Amino acid sequence: MKKRTSILRRILYIVLFIVLVGLGYGIAYCWRSFPIISGYGAKVLCSGVFVAGRDEQQVRTQDIGFFPISLGSFKVDYKDSSVTASVFGFAKRKAIFRKGLGVTLIAQMSEEEIRKQQVNLPQQPIINQDSIAWPMGNRIVDSAMSGIDKKEVQAAVQQYFVENDTAKPIRTRAVVVLYKGQLIAEQYGEGFSANTKLLGWSMTKSVTNTLIGMLVKDGKLQVDAPAPVPEWKDANDPRHAITLKNLLNQASGLDFVEDYSKASDATRMLFGRADMGGYTASHPLKDKPGSVFYYSSGNSNILSRIIRQTVGDANYYRFPYDSLFYKLGMYSIILEPDPSGTFVGSSYSYATARDWARFGLLYLNDGVWNGQRILPEGWVTATATPGAAAKEGDYGYQFWLNRGPANNPSNRNFPSCPQDLFYSDGFEGQFVYIIPSKHLVVVRLGLTKFHNMEEDGLLAGIVKAVK
0 MKKRTSILRR ILYIVLFIVL VGLGYGIAYC WRSFPIISGY GAKVLCSGVF
50 VAGRDEQQVR TQDIGFFPIS LGSFKVDYKD SSVTASVFGF AKRKAIFRKG
100 LGVTLIAQMS EEEIRKQQVN LPQQPIINQD SIAWPMGNRI VDSAMSGIDK
150 KEVQAAVQQY FVENDTAKPI RTRAVVVLYK GQLIAEQYGE GFSANTKLLG
200 WSMTKSVTNT LIGMLVKDGK LQVDAPAPVP EWKDANDPRH AITLKNLLNQ
250 ASGLDFVEDY SKASDATRML FGRADMGGYT ASHPLKDKPG SVFYYSSGNS
300 NILSRIIRQT VGDANYYRFP YDSLFYKLGM YSIILEPDPS GTFVGSSYSY
350 ATARDWARFG LLYLNDGVWN GQRILPEGWV TATATPGAAA KEGDYGYQFW
400 LNRGPANNPS NRNFPSCPQD LFYSDGFEGQ FVYIIPSKHL VVVRLGLTKF
450 HNMEEDGLLA GIVKAVK
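Quick note: the sequence shown, position 283, residue 282 per numbering that gives the first Met the number 0, numbers continuous.
If you want it as structure tokens, here you go:
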């Protein structure tokens, strides 16, 4: 009897131990994850409503209606232009909209501090783009073009909107096709139009690359010089060896984890830090700079902070608009800042599909627009050249490439498309494809959460229309 009691007691202790471990793990998970859940939902919903001007219910259902974000509770305040969020009453977060700046998720700073920031906003030119011909305007002239079958293009575009699995929709929202600079096809999903601003996510990295290139052209930055990062200025600091090129090529060597399936450096940065570039710059080295390719949004936010420090706050908020966007006719685009006031150069930009196409056209034209060189000579070539650490031949300067490994070029991301394809690639299926050999720019924007879009085949359908 005593022996049986002893066994039962041991079993009870084991069960209690397992319960306590499980409870501890659950508490730790909630502690780390709930602020990310509420922060993500507040930011996406606030930008969707106040930047993109979309229907609140559509954003709730499509953009934040998935697990685990669906665990959160979200309240839109139209008077305050903000969204507050929590998870079961815990981890309360707030995102605020400011005209001309878009949305900022409050973190590590008070709302009052953020709202009091002095910003010199750009003055958008008063222009009726509907009366101006493409690409500076939106007036499209439907004319015959040699070298491409426009009916075949339109048929290929329509394939982007076919839902083969309603349980896992690809939700294409916009497709725009340019051939030799002319807009030859476009289509929009239900509830979206040519005027809808859509989130670019990591396509913002390519915008950051462009701004860096402009500063290189002006002689204010050098790609092969040590990156001008205050935390690394000591020549004895091993991070001092990190060059601007290393950051552009995603080969900084910093010990930074890019993982969105759990709490990581990337999620803490985007949803919990005021100075995202500074947060990343504080990380130690893991690898020798330039030796290992590792895709990191942190690198892009260091680049974004470098832009701010180089331009200076007096002109910082005007610089991207006056020097780039307005010159391209990109009047819809909004870059959103972190709480410290630095644009989130890795992830947060909104623009119409046509404006994303204009951005791609700048690269198709080798960095020249209306006869004016925007990017330095050779910048587009360098952008589309694999970094030394990118052994798969798939990454250049903040753009993805279709080169493939040097010893096996057929093993590439888009085997049915030309090798000179390079592209901006954002979360959930945002793409700006540039294919110089085919004179094509193709934009695809949507909300694909299951990685089930046949990108190669869909794009190849358009490519095949070029005769």
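Don't be surprised by glycine CBs; every beta carbon is placed ideally from N, CA and C. All values derive from a computational prediction rather than experimental measurement.
Closest residue to residue i among the options (Cα-Cα distance)
i      : options                        : result
LEU214 : LEU374, PRO34, GLN397, VAL440  : LEU374
VAL82  : PHE33, LYS74, TYR396           : LYS74
THR103 : ASP233, ILE139, LEU360, GLY47  : GLY47
GLY311 : VAL118, ARG31, PRO414          : VAL118
GLN128 : PHE33, GLY328, LEU220, SER37   : GLY328
PHE33  : PHE66, ASP54, MET144           : PHE66
GLU170 : ALA154, ALA459, LEU446         : With the sequence shown as reference, residue 170 is identified as Arg, and Glu is not the correct amino acid for it. Answer by Cα proximity: LEU446.
ARG402 : PRO417, LEU269, PHE318         : PRO417
PRO168 : LYS448, GLY456, GLY460         : LYS448
LYS219 : ALA389, THR309, PHE324         : THR309
GLY366 : PHE89, ALA155, LYS216, ASN163  : LYS216
PRO121 : SER130, SER142, GLY99          : GLY99
PRO134 : PRO283, ALA155, LYS244, ALA356 : ALA356
ASP141 : ALA155, VAL291, VAL156, GLU185 : GLU185
Close Cβ partners of residue i (< 7 Å) along its chain, the five nearest in sequence each way excluded
i      : result
TYR362 : VAL379, ILE433
SER345 : SER201, THR203, LYS204, SER296, SER299, ASN300
GLN107 : ARG272, ALA273, PRO338
LEU22  : The predicted position of LEU22 is uncertain, since its pLDDT is 46 and thus under 50; no value can be drawn from it.
ALA234 : none
ALA51  : THR195, LYS196, LEU197, TYR349
TYR422 : PHE398, TRP399, PHE430, VAL431, TYR432, ILE433
Assigned secondary structure, residue i (DSSP; H/G/I helix, E/B strand, else coil)
i      : result
LEU376 : Sequence inspection shows Glu at residue 376; the Leu mentioned does not correspond to that position. GLU376 falls in the coil class under three-state DSSP.
THR242 : strand
VAL256 : coil
GLN57  : helix
TYR349 : strand
ALA501 : With the chain running from 0 to 466 in the structure shown, residue 501 is simply not present.
GLU453 : coil
GLY277 : helix
LYS390 : coil
TRP133 : coil
ARG114 : helix
SER109 : coil
GLY71  : strand
VAL367 : strand
SER436 : helix
PHE89  : strand
ILE36  : helix
Buried/exposed call for residue i, threshold 16 Cβ in 10 Å
i      : result
PRO229 : exposed
GLU453 : exposed
LYS232 : exposed
HIS450 : exposed
ASP254 : exposed
LYS93  : buried
PHE413 : buried
SER260 : exposed
THR207 : buried
ILE305 : buried
ASP424 : buried
ASP393 : buried
VAL532 : Past the edges of the chain, shown from 0 to 466, lies residue 532, and the structure says nothing about it.
VAL175 : buried
ILE333 : buried
ARG411 : buried
Contact set for residue i: own chain, Cβ-Cβ below 8 Å, skip 5 residues either direction
i      : result
ILE63  : TYR39, GLY40, VAL43, LEU44, SER69, GLY71, PHE73
ILE147 : TYR178, ILE183, ALA464, VAL465, LYS466
ILE95  : CYS45, ASP79, SER80, SER81, VAL102, THR103, ILE105, GLU110, ILE113, ARG114
ARG53  : GLY47, GLY190, THR195
ALA313 : ASN119
ALA265 : PHE255, VAL256, GLU257, ASP258, TYR259, SER295, SER296, GLY297
ALA459 : PHE413, SER415, CYS416
GLY277 : GLU230, ARG304, SER339
Cross-strand partners of residue i (DSSP beta bridge)
i      : result
PHE160 : Answer is none; PHE160 lacks a bridge partner.
PRO336 : PHE342
THR266 : In DSSP, THR266 forms no bridge with anything.
THR103 : ILE95
ILE305 : In the DSSP output, where bridge partners are listed per residue, ILE305 has none listed.
PRO225 : THR242
ILE147 : VAL465
SER81  : ASP76, ILE95
TYR315 : BP columns for TYR315 are empty, so no partner.
Same chain, Cβ closer than 6 Å to residue i, neighbours up to 5 away in sequence not counted
i      : result
ILE241 : ALA226, SER251, PRO288
LEU444 : ARG172, ALA173, LEU197, ALA352, GLN429
ARG307 : TYR315, THR341
GLY359 : VAL431, ILE433, VAL440
ASP455 : PHE413, SER415
SER331 : LYS196, ALA350, THR351, ASP354
Min CB distance residue i to chain C below 8 Å
i     : result
LYS93 : No chain C appears in this structure, which consists of one protein chain only.
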